[in-house]
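Notes to accompany the following structure.
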Amino acid sequence: MIRIVPGSTRPAKPSLAIVLVYEGAALEKAPYGDAALATHAKADGFKGEKEKSFYLPGNPRRLVLGLGAEKTADLEAYRRAGLTAARRARELKVEEAVLSFPASAKKEQAGAAAEGAWLGLYQYKEGKGKPAADAKPGV
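Each residue of the sequence shown is one higher than the one before, counting from 8 in the numbering used here.
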């Protein structure tokens, strides 16, 4: 399950904290952010660029996704961030993830991220695998 929360909210420790940030944002001040996150992200070269991410294992595990510059972060940036967040949460086999937005994010941007998460988790399963033993052939 992925729970979406405003930037100022910080629920109890989830399995994975996913934080969307604008380029150049201070990670120490982001939800679930601290000096360790900022230091490791800087050492890895993460600056919050569009479609870039940084993962830090720990308790909670943290995934920071860049949206690019605040002035140019469009709905597609949020959609792609939501897609990446959902896929990484599935890869990491987390039971619960919290998706946190920048404080200035709008309702439409949250909707775009939710749409991206839905698209990221979609799997086409029709026609895959063997038919059931009791399945009747189509007419």
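Built from N, CA and C at the ideal position, the CB exists for glycine as well.
* At which residues does the alpha helix (DSSP H) containing ALA43 begin and terminate? -> As a first step, residue 43 is located in the sequence shown; it is residue number 36 there, counting from the start. Run containing ALA43: 42 to 51, per the alpha helix (DSSP H) assignment.
query = Excluding the five sequence neighbours on either side, which residues of its own chain have a C-beta within less than 6 Å of the C-beta of HIS47, listed in chain order?
reply = In the sequence shown, counting from the first residue as 1, residue 47 sits at position 40. Excluding residues within five positions, the ones whose Cβ falls inside 6 Å are LEU63.
*May I ask you to report which of helix, strand or coil DSSP gives LEU74?*
Position 67 of the sequence shown holds residue 74. Three-state DSSP puts LEU74 in coil, outside helix and strand.
Item to complete: Please state whether DSSP places TYR85 in a helix, a strand or coil.
Response: On the sequence shown, residue 85 is found 78 positions in, with the first residue counted as 1. Helix, per DSSP.
Cβ-based neighbour list, VAL146, same chain, cut-off 8 Å, excluding 5 preceding and 5 following: In the sequence shown, the residue the question calls residue 146 occupies position 139. Interpretation of VAL146 is limited by its pLDDT of 44, a score under 50 that renders its predicted location unreliable; no figure is taken from the coordinates.
Excluding the 5 residues flanking GLU233 on each side, which residues of the same chain have their C-beta closer than 8 Å to its C-beta?
Outside the displayed span of the chain (8 to 146) sits residue 233, for which this structure offers no information.
* **Status (buried if at least 16 other CB within 10 Å, exposed otherwise) for ASN52** => Position 45 of the sequence shown holds residue 52. Inspection of the sequence shows that residue 52 is occupied by Gly rather than by Asn. Its Cβ having fewer than 16 others within 10 Å, GLY52 is exposed.
DSSP three-state label for ALA32, please.
Numbered from 1 along the sequence shown, position 25 holds the residue referred to as residue 32. Correct three-state label for ALA32: coil.
message: Taking the straight line between their C-alpha atoms, what separation do you get for GLY73 and GLU56?
response: Translated into positions along the sequence shown, residue 73 becomes position 66. Translated into positions along the sequence shown, residue 56 becomes position 49. The straight-line gap from Cα to Cα measures roughly 5 Å.
**Given ALA112 as reference, the closest of LYS54, ASP81, LEU23 once Cα atoms are compared** = Translated into positions along the sequence shown, residue 112 becomes position 105. If we check each option's Cα against that of ALA112, ASP81 comes out closest.
Exercise. Quick one: measure Cβ to Cβ for LEU126 and LEU90, integer angstroms, because I've assumed they're closer than 8 Å.
Key: Indexing the sequence shown from 1 puts residue 126 at position 119. Indexing the sequence shown from 1 puts residue 90 at position 83. Indeed they touch by this definition, with Cβ atoms about 6 Å apart.
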